[in-house]
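Take a look at the structure set out below.
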Amino acid sequence: MRECTKCKSNEYTNKSLLMMINECGHPLCKNCVETLFARNSGNCPTCQRMLKKNEFREQIYDDPLIDKETAIRKKMRKVFNLKRDDFPTSREFNDYLERMETLIYNLVFETDLAETQAEIDEFKKRNAEAIEKNRKRLDEDQQWVASHLKEEEHMKHRLRTLRQEDAKENEKSTGVDPKAIIEELKNSKDDAESILDRERKRQIEKLMQEKAEAEKEKRRKKEVMFRKRQSEQMSFSAHHRLTGQKYTYKPLDLPINGPPLPSLEEIEASYLVHMKIASPAIHALYNGTDTGQAQEWLNSFRNSVHAWTLCDQILSQRLDPLACYFASQTLKFKISKHLKELPEENYPPLRESLINHLSFFGAASHDQHAEATSTQLCLAIADLYIQVPQWNNWIADLLNQFTSQQGDRTSMLLTLLRVFPEEINEVKVGENRRKQIREELAVNASSVFLYLTHVLQHGQNNADMLKRVFVCLSAYLQNPVLSTDDFATSPLLMSIFHVVGTPDVLSSLHEAASDVIVSALLRAEDQGAHLALAKSLQRNIYQLAEPFNRAVEIEDLDKLNNYARMFVELNESLVEPLVNKTSDDISELGSLYSMDLLLLVAGHHDYSLIEMTFNVWYRISEALFMVDDQDHVARFRPYVNRFLMCLYRHCRLDLDEESLPDQSSEFADFRLKAVEAIRDVVFIVGTNECIQMMYEVLRSASQWNETEAALFIIATVINNLMPEEDGMAPELVTSIVALDVNSHPALIATSINLLGGCNEWLEKHRVYLEQVMPWLLRFASSPLYCQMASESIEKIVSYSAIDLVSLIRPLMQLIPSLQTSQTNGTQIEAAISSILKACSTLIVHLRPEEMKMAFEELCKPIVENLHRILHHDMSSPNLSAAISSSLSARPSIVVSKSAPILTPTGLAPAPSPASSGSSADKENDKSVGSWTRLANEPVLWIDRVASIFREVCKPQSLSIANTSADSSQRAPWMDVAHHLYETLSMTLKKYDSNYRIVEHCCRSIRFLIRSLGIQSIGFVNQLVPLVSVSTFILFFAKFANESTVRCVISTLKIPQSIRISDSNLSSRDKG
């Protein structure tokens, strides 16, 4: 049985329950999703994972694990779509299928998620061409179906042609042939008048025959329609046996309610058989082991027109509780989906019949089966009333009718009050009718609140009854046109806060009461319409600080989560007065005590609670950003400082952590969200003050994780530091470069990222470059830190290239060192890409002769390895081995700058390759030889060309390139570009069917042409035939808007037919 993990509602008590499920696999009912994720995101109540509202989907299977597996399997089939003929042997194909099932199992049961995802990404990269090809390719079964469909269509076309030919023949045979009549007049001995009379008589007989046939066909169709209408009619008359003299049946006018009884034809068509089969089928469905056949029969029964009358009779007989429940559920289904099957004159009898049934099943003396039946009947009544626009102002009369009946019907009335506001959002009706029902509910709000108060006073010791009241009230408050002034001052609201503030209340009851307060806070966001409610909620929520502290003492996480929700929603609703009407008076809506409650939540050790407050801080920062009064903004600085200190404590890693934290973990995800939260609010206190505060923490830190957390906060905001600032930055940089190389890996990684964020500051303080760059180079050769160190080097070089030209040689030496690494191939290649970008940025500041030599040395391995791949020579695992060079050997670079050469002290060599590795990790990025496998693909080397020449577009280089085509001042890298272009052209021709490789090639050619400017005219001449090829035209469109390329195109006078217009380009690629 499906059950909501939040409100504990299940299908047994609420058959209209709609269960939703997200990626974590924990189902929630739709009402809980709407409540918990009113802000479009929130935490899963079971696993506390942050989920998004738009990613919820309807749960299809009873077991949520099956739903989770189905979603994962659909996603995996888009990647693992290889066919049998993609493998040389059946054994390899079977191994591929088994491995795919293993990956699906790991994702479903969350086993080795990091390794599994890495293996999927590796498979996607390695088989990108095959995946793209198989996306529109049909397998054998699909081809068989397509062939049969084509054959069937061909047969239909032949039959249609034959029928048309037969019709033409009949028309010829039956029509009047003037030539035959003329021949008969010419050859016959009879006179012309008799011949014409005979022809007229024949035509009249033919016309009369056609009319008779048409009349006969019309009578037959009319009889069929009459029988069809008779089969759809219902009456309450029973079938009488015909005895004695001939009897003529006349329907009796019986004073009964409900849908019509079956007609005589329906009874003769085995209607009574349905009555005998229904009860055993229902028992087989709910109690049997093999439910397939029973479920199939009951589903067909639910869609039949007989279900209306049969369900009404089952509810009237009340012989079997399960049958009654099924009948009530079926009636609710029929009313929701197939109400148009009934004529409108049967709506009032149906309503009265439902009320009569509910009067019996809604009594308090019945068991849980009767309660479930009562819930379904309440839903059926609500759906019926909402869908009949002619009925108005009937809800109050219905409640009064049940109130006047004997017996305790409190549970039934609470269910009725709950389902009306819930169903108005679910039933498909027009907006006018929806508004009409909401206004009717709002008119009766005061009576409803009075009744709920009465139930609370008489059921204080009944936790189940209190929970029903709270659920009903929470649904009622969702009405947007509801006036809440009476509710704001009613004892009902005080009773709810009394329950919330009681320490020993049940968790489920505490959560239900919290849901009511959250629903009220959503209404109170509109202070213009709900001012009294907003003030009342604020006053009472302020008194929950002490209960929150008591819950902290006993570690009641469920209640803490409820309190946090209320504090957060209070601030969400009061953001506007809090920013615009800030006050120290706790009686005002803009009281700053609301932020004290936020900080009370942030101070708890569970980081999931402070994560709930991030959206509030974002909204406050956005509102304060528009305020020009700095004195007013300064009132919020103490709160932001405390918030930053809370984030510092929450961002600390565990002392037991021995290596870098897993980037796919929940805590790593929290740290990323914390970074965004810090950047949102740091302008309120100022970057210098934030760094000063964290530096004070650094001075008093005694553990490595405290130091790392403080540096993590500083690294988040350091890029906002003014370049001319001389505060804590010099001392901070000096302390970092003095770190021991054997420090904790997380501490070193954070320090590396911090130095990368200081790139603008280092440009103005060049004296520190001599300390920073050797320190970064020391870690750039380590596979553990290479990517982050290379990225930091690239950032610093982009601002201080003129002073760091002497680093070209050490950076080039890093590339072959990193290529010897045997694991983390993707990370290694990302580091090499950053190093290449840094090198190209530095090279353009050399003299032309040195620039030429440097580019040749940098690009020589690329040309060699691409030639190796193009000639299918894969015998050596190391693609960088020496082959016949397409570029002549060049001497080493001689740098003539007077600046001292910065050599990396203690440059650690890359670790030696592992001696062995398991075969199961072959496709894993962390397995041995992962970079070698990447190097076997041309995309890696093609992207290196893009990395190098992406940066060769600065004014220093373009001033040389963008001269006239006939200028003697050639670009120093012209020869290198020529060799690269030839190699890329060969790659384009060889892999013209692989869109991924073609796109990467076109991007690299684009950067080559952009770097040469007008001097690329020779290359563009060779590009013109390629541009006309449909395979390449869309990819070349990416650089067609570049000014240099436009100049070359206009110079070459490329035909208009193959030019690419601006209107056909969706966006300009910024490169």
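Numbering (this note's numbering), first residue to last: 2 to 1072.
A virtual CB, placed ideally from N, CA and C, is assigned to each residue, including glycine.
All values reported here derive from a predicted model rather than from experimental measurement.
- The C-beta separation of R469 from L417 comes to about 11 Å, leaving the pair out of contact by the 8 Å criterion.
- N616: member of the alpha helix (DSSP H) spanning F615 to F626, first to last residue.
- Annotation for S701: the continuous alpha helix (DSSP H) segment containing it runs T688 to S701.
- For L598, the closest of Y608, S584 and T614 by C-alpha to C-alpha distance is T614.
- For E4, the beta-bridge partners assigned by DSSP are N11.
- Listed as beta-bridge partners of L571 by DSSP are no residues whatsoever.
- With contacts defined by Cβ atoms closer than 8 Å, E761 and P724 form a contacting pair.
- Judged by beta-carbon spacing, S818 lies within the 8 Å limit of S782, meaning their Cβ atoms are closer than that value.
- T14 is positioned such that its CB atom lies no closer than 8 Å to that of A324.
- Under the three-state reduction of DSSP output, M226 falls in the helix class.
- Taking C-alpha positions only, A635 is separated from D487 by approximately 38 Å.
- It is roughly 30 Å from the alpha-carbon of L867 to the alpha-carbon of R85.
- Bounds of the beta strand (DSSP E) holding L52 are M51 to K53.
- Counting only residues of its own chain and dropping the five nearest sequence neighbours on each side, V676 has a CB closer than 7 Å to the CB of T717.
- Per the C-alpha coordinates, the member of S17, Q143, E216 and R50 positioned closest to F668 is R50.
- Restricting attention to beta strand (DSSP E) runs no shorter than 3 residues, the stretch 50 to 87 encloses them at 51 to 53, ordered along the chain.
- Going by beta carbons, S508 and T454 fall outside the 8 Å limit.
- Assignment of S17 by DSSP, reduced to helix, strand and coil, places it in the coil class.
- DSSP places S508 within a helical segment (H, G or I) once states are collapsed to three.
- Secondary structure note for G826: it is in no beta strand (DSSP E), and the uninterrupted alpha helix (DSSP H) holding it is G826 to I844.
- For L29, the secondary structure class from DSSP, reduced to helix, strand or coil, is strand.
- When D313, L1009, R767 and H531 are compared, the shortest CA-CA separation from S354 is found for D313.
- Per DSSP, G758 is one residue of the alpha helix (DSSP H) stretching across P746 to G758.
- Below 8 Å, enough C-beta pairs join the stretch 934 to 954 and the stretch 991 to 1007 to call them touching: three or more.
- Per DSSP, N44 lies in no alpha helix (DSSP H); the unbroken beta strand (DSSP E) holding it starts and ends at S42 to N44.
- In this structure, D398 lies away from E424, with their beta-carbon atoms at least 8 Å apart.
- Scanning the stretch 332 to 385 from its first residue to its last, the whole alpha helix (DSSP H) runs of 4-plus residues come out as 348 to 362.
- In the three-state reduction of the DSSP assignment, S595 falls in the helix class, which pools H, G and I.
- If you ignore the 5 residues before and after T984, its C-beta comes within less than 7 Å of the C-beta of V864, L867 and H868, all in its own chain and listed in chain order.
- Contact fails between the stretch 45 to 61 and the stretch 93 to 105, because fewer than three Cβ pairs, one in each stretch, are under 8 Å apart.
- Nearest in C-alpha terms to V806, of all of Q814, A839 and T821, is A839.
- For S584, the secondary structure class from DSSP, reduced to helix, strand or coil, is strand.
- Cβ contact annotation for A115 (same chain, cutoff 7 Å, sequence separation greater than five): D663 and S665, in chain order.
- DSSP, reduced to helix, strand and coil, places I22 within a strand of the structure shown.
- Distance from the CA of E170 to the CA of M209, rounded to the nearest whole angstrom, comes to 21 Å.
- With 16 or more other CB atoms across the displayed protein chains lying within 10 angstroms of its CB, E795 is buried.
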